[in-house]
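Below is one structure; the comments refer to it alone.
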Amino acid sequence: MRNLWILQRITPVCMIILIGGIMVALKTFYRLREGRKGQLICFPYLGGYVYSFHDMVRAMKEDIEIWVANPPGHFGSELGLISDIDELISVYHKDISKIIQPGSVFFGHSMGGIVSYFLLERMIRNQDEIRPRKLILSASAAPSSFEKKQHSKLSDEDLIKQIQVYGGMPDAVLNDHELMDIMIPVFRADYGILETSAKAFYNKIDIETHLLWGENDKAETISCAMAWRDYLIQDINFIPIRNAEHMFIHHKLEEVITYIYRFMDLDSMKVKEM
31 MRNLWILQRI TPVCMIILIG GIMVALKTFY RLREGRKGQL ICFPYLGGYV YSFHDMVRAM
91 KEDIEIWVAN PPGHFGSELG LISDIDELIS VYHKDISKII QPGSVFFGHS MGGIVSYFLL
151 ERMIRNQDEI RPRKLILSAS AAPSSFEKKQ HSKLSDEDLI KQIQVYGGMP DAVLNDHELM
211 DIMIPVFRAD YGILETSAKA FYNKIDIETH LLWGENDKAE TISCAMAWRD YLIQDINFIP
271 IRNAEHMFIH HKLEEVITYI YRFMDLDSMK VKEM
């Protein structure tokens, strides 16, 4: 596992090419797979980047076009780190019109859910001609959950302890001081994104929204998830994932993909055997 993380650190672009064959990239979005039966645009969790969706992309059928946002300053990005939600959304909004197709679906895990929501809100507010038709939030607490939190200002030691609450990061990585020296500024900037999202301007948006939530999530409470009602006009389709912790996108992969197919109206598709 440690070697895999180091390999990701050194050659993220090579990894991406291995996933989808021909890679098409903008400064902020990478197309990992071509497809004809729908478009899925994914937004990674705190500290994540394009390769965070590697397993999910490999397990999904080829007929779905998949794009993944690569946050500025994260692995593989030539841009500087951003710690303000409005600034981040402005960067994404410049590129999203170049890739989005009618009927697209946004999928965001954890922090990615908040980012995908605010990008969608910006697109609606700006009256963009093409917008996603559905939003899938995965293990994502509502922005208001971060109103009183100041994780971005924690000491390095306390910040690492906070990251451990989410699970999914091997001890070998946490104990790799060279790697953590790279990752800590990324974590700190991402927490800045979350904290500024709590104070960001927004209008409630009218879109079909599905929320996947791990029953055993120790990082965020159910009330944090249900607070999304304050941000959406339509009722949320809340779906508990049994025996799942916060990072179930990795250990409940087949279930997550099955729900994505369903929400994209592709129920007939099956998860590929790995």
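Using my numbering, the first residue of the sequence shown is number 31, and each one after it goes up by one. Every residue, glycine too, gets a C-beta built ideally from N, C-alpha and C.
Relative to Tyr75, the option among Ala257, Ala169, Glu108 whose CA is nearest is Ala169. Boundaries of the alpha helix (DSSP H) around Ser253: 252-256. Across the structure, Asp188 and Gln131 are spaced so that their CA atoms are roughly 42 Å apart. Using a Cβ distance threshold of 8 Å, Ile154 and Ser227 do not count as a contacting pair. For His240, the beta-bridge partners assigned by DSSP are Ile166, Asn267. Contact between Gln192 and His207 is ruled out by a C-beta separation of about 18 Å, above the 8 Å threshold. A straight-line Cα-Cα distance of about 24 Å links His139 and Ala202. Secondary structure in the stretch 132-207: the beta strand (DSSP E) runs of 3 residues or longer, each lying completely within the stretch, are 135-139, 164-168 in chain order. Take the alpha-carbon of Ala274 and the one of Glu250: they are about 13 Å apart. Under the DSSP assignment, Leu70 falls in the beta strand (DSSP E) whose first and last residues are 69-73. Around the Cβ of Gln69, a 10 Å sphere holds 16 or more other Cβ atoms; the residue is buried.
Within its own chain, the residues whose Cβ lies closer than 7 Å to the Cβ of Glu245, once the five positions on either side in sequence are excluded, are Pro270, Ile271, Arg272, Asn273, Ala274, listed in chain order.
Three or more pairs of CB atoms, one per stretch, sit closer than 8 Å, so the stretch 149-163 contacts the stretch 109-125. Looking at Gln264, Ala171, Met86, the one whose alpha-carbon comes closest to that of Lys282 is Met86. Across the set Lys183, Pro215, Asp295, the C-alpha of Pro215 shows the shortest separation from the C-alpha of Ile112.
For Ile112, the secondary structure class from DSSP, reduced to helix, strand or coil, is coil.
The residues Ile144, Ser227, Ala228, in chain order, have a CB closer than 6 Å to that of Pro173 in the same chain once the five nearest residues on each side in sequence are set aside. In the three-state DSSP reduction, Leu262 falls in the strand class (E or B).
Shortest Cα-Cα distance from Ser107 to any of Tyr81, Ile129, Phe148 involves Tyr81. Residue state for Ile126 is assigned as helix, using DSSP reduced to three classes. If you ignore the 5 residues before and after Ile290, its C-beta comes within less than 6 Å of no other C-beta in its own chain. The beta carbon of Phe278 sits closer than 6 Å to those of Gly244, Ile271, all from its chain and outside the five residues before and after it, given in chain order. With a cutoff of 8 Å on beta-carbon distance, Asp236 and Ile266 are scored as not near each other.
The C-beta of Leu109 has fewer than 16 other C-beta atoms within 10 Å across all chains shown, which makes the residue exposed.
Following the DSSP letters along the chain, one finds His104 in no alpha helix (DSSP H), marked with neither H nor E. Counting only residues of its own chain and dropping the five nearest sequence neighbours on each side, Leu150 has a CB closer than 8 Å to the CB of Phe136, Arg161, Pro162, Leu165, Ile235, Ile237.
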